[in-house]
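Colleague: Start counting the sequence shown at 1420; every next residue gets the next number (my numbering).
For glycine and all other residues, C-beta sits at the position ideal for the given N, C-alpha and C.
All values derive from a computational prediction rather than experimental measurement.
Structure incoming, see below.
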Amino acid sequence: MTLYNRRRLAVGVTLIAALAAGVLPATGAHAAPAAPGAARETTPAPDMEGVSAALKAAMAQGAPGAMARFIGPDGIETRTLGVRDRESGAAMDIRARFRIGSVSKTFSSVVLLQLVQEGKLELDAPVNRYLPGLLPDDRITVRHLLTHRSGLWDYTNAMFEHTVPGFEAVRNRVFSHQELVDLSLKEPRTTEPGVSYQYSNTNFVVVGMLIEKLTGKPVATEYQRRIIEPLGLRNTSYVHPDVQITGLHVRGYLHPDEAGGPLVDSTEQTVSWAQSAGAVISNPTDLNLFVIALMRGKLLSPEMLEAMTTVTPTDTTNTRFYGLGLRRYNLSCGTQVYGHTGTVQGYYTYAFATRDGRRSLSAMANTSNKGSANTALGGTLEAAFCGKKPAAVTSSSARTGTPVLPAESDLAENR
């Protein structure tokens, strides 16, 4: 951790500790302060009925349970529905931990961008400068990895072509980074470097390799000392290759490809197939804290945060964009939110905040391989950040739990 970041973190330690403990009142005087220099604009109150509707919609599409936690100027709101354990019937619990899938990519990006700040690598330098001979094209840069513009094929496409058999084949397997990269390099690249956005988990496996090469430490150690400990994230961990989620946790359930087939309990797994692309464990409180701290400049310098939040479109809808390991969604009310989505076997996750860090939502449904459930869960964003819709549209998709944002593909996207 640089001296700059230590000082920045110290400024926000009181707020972060209060949020972590959940001690802010639901309404009233103890509103979270705006980021330095940010305008105190009027913002809509979160539509928590709409959030609940989105959670119910995710359950209607096959999730045993779902939950969401919102932080705004008026405090904290939470909603939990269904069960976190189908066998015991234990109710969903906002304190429980779960696998966050590709939200892990933002953690990895923060660590790598801190290394850029420290002068240990350059964003526009070839990856092969730091990992000689790893990639077949010297034009692939560090920035291409973080923006998914390297053209490296996503090895999970073949790995999980058949969802349950593919998962069972890797549930307890421990891969090296090199093995995963080799799986990618067996296939042709999807684009020329820098040409277009093509999401690939391979990119962030290579990011993990860069972190370990430049620091001489495991990714787990760098997450811990650069993010988890400074922010006081009590329920966040990276336990690869251990298979257990310790303490109070949500069990994850994987839908088979065959309609009507039984759900598969996918809770215990190494997640070695993802590692720095998707193996972090967390809970709603810690995810709120992480994205708030990130947006408020507690983890990166202003220059690095500006680079991270400089985005380009990922499709033709003009609602979805990608920066450096960070998504931006443009919501129907004009609000822009930054964060990441995550899919890992048994869990869908959303973790987003406004650019000033004044509002944040984290949401989770304990299923996967059911894209309609993921789409429904996305409805929490519109409800939380845009508030209640005018009466004329209350019967529209916004109030049935279907988000304005179109769904992304399922596990291969792992977003």
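Compare the Cα-Cα distances from Asn1785 to each of Arg1514, His1567, Arg1518 and Met1723 and report the closest residue.
Modeller: Minimum Cα distance to Asn1785 is reached at Arg1518.
Colleague: Quick one: using the 10 Å Cβ neighbour count with 16 as the cut-off for buried, is Arg1592 buried or exposed?
Modeller: Answer is exposed; the Cβ neighbour count stays below 16.
Colleague: Taking DSSP as the reference, what is the three-state secondary structure of Gly1716?
Modeller: In this structure, Gly1716 counts as coil in the three-state DSSP scheme.
Colleague: Using only CA atoms, which one of Gly1538, Phe1594, Glu1722 and Gly1797 lies nearest to Lys1475?
Modeller: The candidate whose alpha carbon is nearest that of Lys1475 is Gly1797.
Colleague: In its own chain, which residues sit with a C-beta less than 6 angstroms from the C-beta of Thr1655, not counting the 5 before and 5 after it?
Modeller: Closer than 6 angstroms at the Cβ level, and outside the excluded window around Thr1655, lie Ile1647, Ser1701 and Asp1705.
Colleague: Is Ala1770 closer than 7 angstroms to Val1710 when the C-beta atoms are compared?
Modeller: Yes.
Colleague: Is it a yes or a no for the stretch 1748-1763 touching the stretch 1794-1810, going by three-plus beta-carbon pairs under 8 angstroms?
Modeller: With the cut-off at 8 angstroms, the stretch 1748-1763 and the stretch 1794-1810 touch.
Colleague: Entirely within the stretch 1692-1736 and at least 4 residues each: give me those alpha helix (DSSP H) ranges in chain order.
Modeller: Counting only runs of 4 or more, we get 1703-1714 and 1721-1727.
Colleague: Under 8 angstroms, with one C-beta from each stretch per pair, do the stretch 1475-1495 and the stretch 1610-1619 reach the 3-pair mark?
Modeller: No, the stretch 1475-1495 is not in contact with the stretch 1610-1619.
Colleague: Does the beta-carbon distance from Thr1575 to His1759 come in below 7 angstroms?
Modeller: No; because the gap between Cβ atoms is not below 7 angstroms, this pair is not in contact.
Colleague: Going by C-alpha distance, which of Leu1633, Gly1651 and Ala1693 is nearest His1659?
Modeller: Answer by Cα proximity: Ala1693.
Colleague: Give the straight-line distance between the Cα atoms of Ser1695 and Ser1527, rounded to the nearest whole angstrom.
Modeller: For Ser1695 and Ser1527, the distance between alpha carbons rounds to 6 angstroms.
Colleague: Going by CA-CA distance only, name the one from Glu1587, Ala1485 and Arg1747 that's closest to Tyr1766.
Modeller: Looking at the Cα atoms, Ala1485 is the closest of the given residues.
Colleague: Buried or exposed for Glu1725, please, with buried defined as at least 16 other CB atoms from any protein chain shown within 10 angstroms of its CB.
Modeller: With fewer than 16 other Cβ atoms within 10 Å, it is exposed.
Colleague: Count the C-beta pairs between the stretch 1496-1503 and the stretch 1788-1795 that are closer than 8 angstroms, then say yes if the count reaches three, no if not.
Modeller: The stretch 1496-1503, when compared against the stretch 1788-1795, does not touch it at the 8 angstroms Cβ threshold.
Colleague: Sort out for me which residues DSSP pairs Pro1681 with in a bridge.
Modeller: BP columns for Pro1681 are empty, so no partner.
Colleague: Compare the beta carbon distance of Thr1497 and Leu1571 with 7 angstroms and say whether it is the shorter of the two.
Modeller: Result no, Cβ atoms of Thr1497 and Leu1571 do not sit closer than 7 angstroms.
Colleague: Please report how far the alpha carbon of Gln1407 lies from the alpha carbon of Gly1680, in whole angstroms.
Modeller: Nothing in the structure corresponds to residue 1407, since the chain is present only between 1420 and 1834.
Colleague: In whole angstroms, give me the CA-to-CA distance for Ala1795 and Leu1650.
Modeller: Distance between the alpha carbons of Ala1795 and Leu1650 is about 31 angstroms.
Colleague: Checking contacts by CB at 7 angstroms: is Asp1543 closer than that to chain C?
Modeller: Checking the listed chains, one finds no chain C in this structure; it contains a single protein chain.
Colleague: Determine the DSSP secondary structure at His1581, reduced to helix, strand or coil.
Modeller: Of the three classes helix, strand and coil, the one that applies to His1581 here is coil, per DSSP.
Colleague: According to the neighbour-count rule (16 or more other Cβ atoms, all chains shown, within 10 Å of its Cβ), is His1567 buried or exposed?
Modeller: Answer is buried; the Cβ neighbour count reaches 16.
Colleague: When we look at the beta-carbon of Pro1444 and count the other beta-carbons within 10 Å, is it buried (16 or more) or exposed?
Modeller: In this prediction, Pro1444 scores a pLDDT of 31, lower than 50, which makes its location untrustworthy; the coordinate-derived value is nonetheless stated afterwards. It is exposed - the Cβ of Pro1444 has fewer than 16 other Cβ atoms within 10 Å.
Colleague: If you drop the 5 nearest sequence neighbours on each side, which residues of the same chain put their C-beta closer than 8 angstroms to that of Gly1627?
Modeller: If we look at Gly1627 and ignore the five residues flanking it on each side, its Cβ neighbours are Ser1527, His1596, Val1638, Gln1694, Ser1695 and Ala1696.
Colleague: May I have the straight-line CA-CA distance separating Leu1542 from Val1561, to the nearest angstrom?
Modeller: One C-alpha to the other measures close to 5 angstroms.
Colleague: Could you work out which residue in Glu1587, His1581 and Thr1634 is closest to Glu1537 when comparing CA atoms only?
Modeller: Cα-wise, what sits closest to Glu1537 is Thr1634.
Colleague: Would Ala1487 and Ala1782 qualify as a contact pair, given that the criterion is a beta-carbon distance under 7 angstroms?
Modeller: In contact: Ala1487 and Ala1782 (Cβ atoms closer than 7 angstroms).
Colleague: Please report the distance separating the alpha-carbon of Asp1676 from that of His1668.
Modeller: Near 26 angstroms, if we compare the C-alpha coordinates of His1668 and Asp1676.
Colleague: If you run the structure through DSSP and keep just helix, strand and coil, what is Arg1746?
Modeller: Correct three-state label for Arg1746: strand.
Colleague: Using 10 angstroms around the beta-carbon of Asp1557, count the other beta-carbons present and answer buried if the total reaches 16, otherwise exposed.
Modeller: Classification for Asp1557: exposed.
Colleague: For Asp1512, I'd like the list of residues in its chain whose CB is within less than 7 angstroms of its CB, leaving aside the five on either flank, ordered along the chain.
Modeller: Cβ neighbours of Asp1512 beyond the five flanking positions: Thr1499, Arg1503 and Leu1667.
Colleague: According to the Cβ coordinates, are Ile1490 and Asn1707 closer than 7 angstroms?
Modeller: Yes; because the gap between Cβ atoms is below 7 angstroms, this pair is in contact.
Colleague: I'd like to confirm the pairing. Which residues does DSSP put opposite Phe1771 in its beta bridges?
Modeller: Partner(s): Gly1758 and Leu1780.
Colleague: Which residues does DSSP list as the beta-bridge partners of Ile1490?
Modeller: Answer is Ile1495 and Ser1779, bridged to Ile1490.
Colleague: Indicate whether Thr1728 and Gly1716 have their beta-carbon atoms separated by less than 7 angstroms.
Modeller: Cβ atoms of Thr1728 and Gly1716: not closer than 7 angstroms.
Colleague: With Arg1562 as the anchor, note down where its alpha helix (DSSP H) starts and where it stops.
Modeller: Residues Val1561 to Leu1565.
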